[in-house]
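Read the structure below first, then the notes.
Numbering (my numbering), first residue to last: 16 to 439.
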């Protein structure tokens with residue numbers, strides 16, 4: 016029952032989301048709650064207050080005078096839930112040294128390759144909201160790396176950084192590819208996960224590949240109801256990776272697939288530890304490896320209070336930059352003459368993981384119902400970035416959808432049909 020939310024996790028998600036959506040995304044706090052938070056909480060939402068302190072750049076949430084959570088904003092790092100001060104550095108900032116850049120709409124390319132009326136109608140279907148729960152916020156479409164369409168909900172623009180939720184897992188897999196190319200990582204090496212060292216043979220045999228494919232075998236179950244281990248990890252724990260590593264082992268690594276963000280958190284912690292000694296160094300290196308090469312200068316990669324980059328759930332970026340990251344895969348890991356990912360890395364991330372019914376690869380989902388080669392990033396509340404290799408097409412849809420169908424794949428089929436109509 017989505018309304019059955021423990022108040023500690025409910026105040027946690029309220030503080031965290033209102034903070035990030037206010038200070039990173041640039042939304043009005045009341046609109047942020049109404050779109051992203053309160054529909055998840057149901058009736059308990061009325062028990063929770065959220066106070067935005069713009070001078071201190073923090074958000075405090077409270078429930079019944081018993082539960083309290085604080086989220087703190089830091090430039091370039093976004094917002095972090097701070098459960099106790101400890102070693103948390105409130106003054107740390109890692110600002111981007113470049114401003115975000117934007118595609119110009121290529122109307123000549125669009126008109127040459129699409130039935131423009133059909134394309135506009137397809138986008139319209141993505142924004143249709145028959146029951147008021149879909150809340151599509153942005154649609155961006157690239158064809159052959161060129162912007163052919165974009166649309167935003169009222170009050171939003173191409174400049175708003177929107178929440179990834181689990182599209183971040185695709186970025187974690189992309190980081191693994193960039194590190195592999197640079198000789199910094201062997202995704203199949205056993206004994207390389209520091210937090211699993213000393214926890215027994217199965218734990219020590221776990222690989223980065225196991226974790227990215229969510230076959231780590233530990234009990235970090237994810238139900239998104241506020242009572243599950245994943246909710247505890249995201250909204251009550253200071254060190255999310257340590258929490259994930261400490262969970263009971265249920266299966267040997269690689270033996271059982273179950274969708275669990277805790278696996279990706281643990282993988283990200285291990286990868287970033289190899290990229291520098293401090294969070295600032297690690298984040299700058301991630302930007303250099305993954306974001307800057309594709310021209311994505313908007314992403315804010317948030318960390319927990321222990322300094323672990325949240326590769327499972329917490330990246331905010333413009334919809335155009337999500338499209339840029341997906342285009343990298345259509346271009347076989349190349350940006351111009353620069354190789355960013357190993358040759359064939361797309362084949363790796365789209366190879367189905369045993370036990371996933373052919374649905375999940377490594378950080379990416381597969382979409383054979385759309386086209387045989389289609390695959391996509393996916394995040395909670397309807398965040399989606401689809402790659403259609405057969406047509407060199409990227410379709411990004413972002414929103415705040417709760418308890419209803421997003422309509423994304425219906426829209427994507429219509430976009431693809433509009434391209435085919437033009438070809439015909």
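Every residue gets a Cβ at the ideal spot worked out from N, C-alpha and C, and that includes glycine.
Only buried fits residue 393, as 16 or more other CB atoms lie within 10 angstroms of its CB. Beta-bridge analysis with DSSP links residue 199 to no other residue.
Residue 153 sits in a strand when the DSSP states are folded into three classes. If the five residues before and after residue 28 are omitted, its C-beta is found closer than 6 Å to the C-beta atoms of 250, all from its own chain and listed in chain order.
Taking the CA atoms as reference points, residue 205 sits about 8 Å from residue 223. Exposed is the label assigned to residue 102, since fewer than 16 other Cβ atoms lie within 10 Å of its Cβ. Exclusion of the five residues before and after residue 221 leaves 205, 208, 211, 231, 232 and 268 as the residues of its chain whose Cβ lies within less than 8 Å of its Cβ. Going by DSSP, residue 393 is part of the beta strand (DSSP E) stretching over 390–394.
Residue burial is scored here from C-beta neighbours: residue 339 has at least 16 other C-beta atoms within 10 angstroms and is therefore classed as buried.
In the structure shown, residue 335 falls within a helical segment according to DSSP collapsed to helix, strand and coil. Scanning its chain for C-beta atoms nearer than 8 Å, with the 5 sequence neighbours on each side dropped, one finds around residue 236 the residues 243, 244, 245, 273 and 275, in chain order.
In the three-state DSSP reduction, residue 63 falls in the strand class (E or B). The continuous alpha helix (DSSP H) containing residue 223 extends over residues 223–227. Taking a C-beta distance under 7 Å as the contact criterion, residue 179 and residue 395 do not qualify as a contact pair. Boundaries around residue 75 are those of the beta strand (DSSP E), 73–78, since no alpha helix (DSSP H) includes it. In this structure, residue 342 sits away from residue 92, with a CB-CB distance that is not shorter than 7 Å. Residue 402 is positioned such that its CB atom lies closer than 7 Å to that of residue 345.
Inter-residue distance for residue 129 and residue 404 is about 17 Å (C-alpha atoms, whole angstroms). For the set 427, 303, 422 and 125, the Cα lying nearest the Cα of residue 145 is the one of 422. Between residue 118 and residue 297, the CB-CB gap reaches or exceeds 7 Å. A Cβ-Cβ distance of about 6 Å is found for the pair residue 286 and residue 190, placing them in contact under the 8 Å criterion. The C-beta distance from residue 259 to residue 241 rounds to 18 Å, too long to fall under 8 Å, and the pair is not in contact. DSSP places residue 166 in the uninterrupted beta strand (DSSP E) bounded by 161–167. For the options 32, 419, 39 and 379, the alpha carbon positioned closest to that of residue 111 is the one of 39. Inter-residue distance for residue 412 and residue 142 is about 10 Å (C-alpha atoms, whole angstroms).
Under the three-state reduction of DSSP output, residue 329 falls in the coil class, being neither helix nor strand.
Residues of the same chain with a CB within less than 7 Å of the CB of residue 371, apart from the 5 flanking positions on each side, are 272 in chain order. Taking all protein chains shown into account, residue 123 has fewer than 16 neighbouring C-beta atoms within 10 Å of its C-beta and is therefore exposed. According to the DSSP secondary-structure assignment, residue 84 is paired through a beta bridge with 76.
Excluding the 5 residues flanking it on each side, residue 337 has same chain C-beta neighbours closer than 6 Å at 400 and 411, in chain order. Annotated three-state conformation of residue 414 is strand, per DSSP. Taking the Cβ atoms as the reference, residue 150 lies roughly 6 Å from residue 416, within the contact range of under 8 Å.
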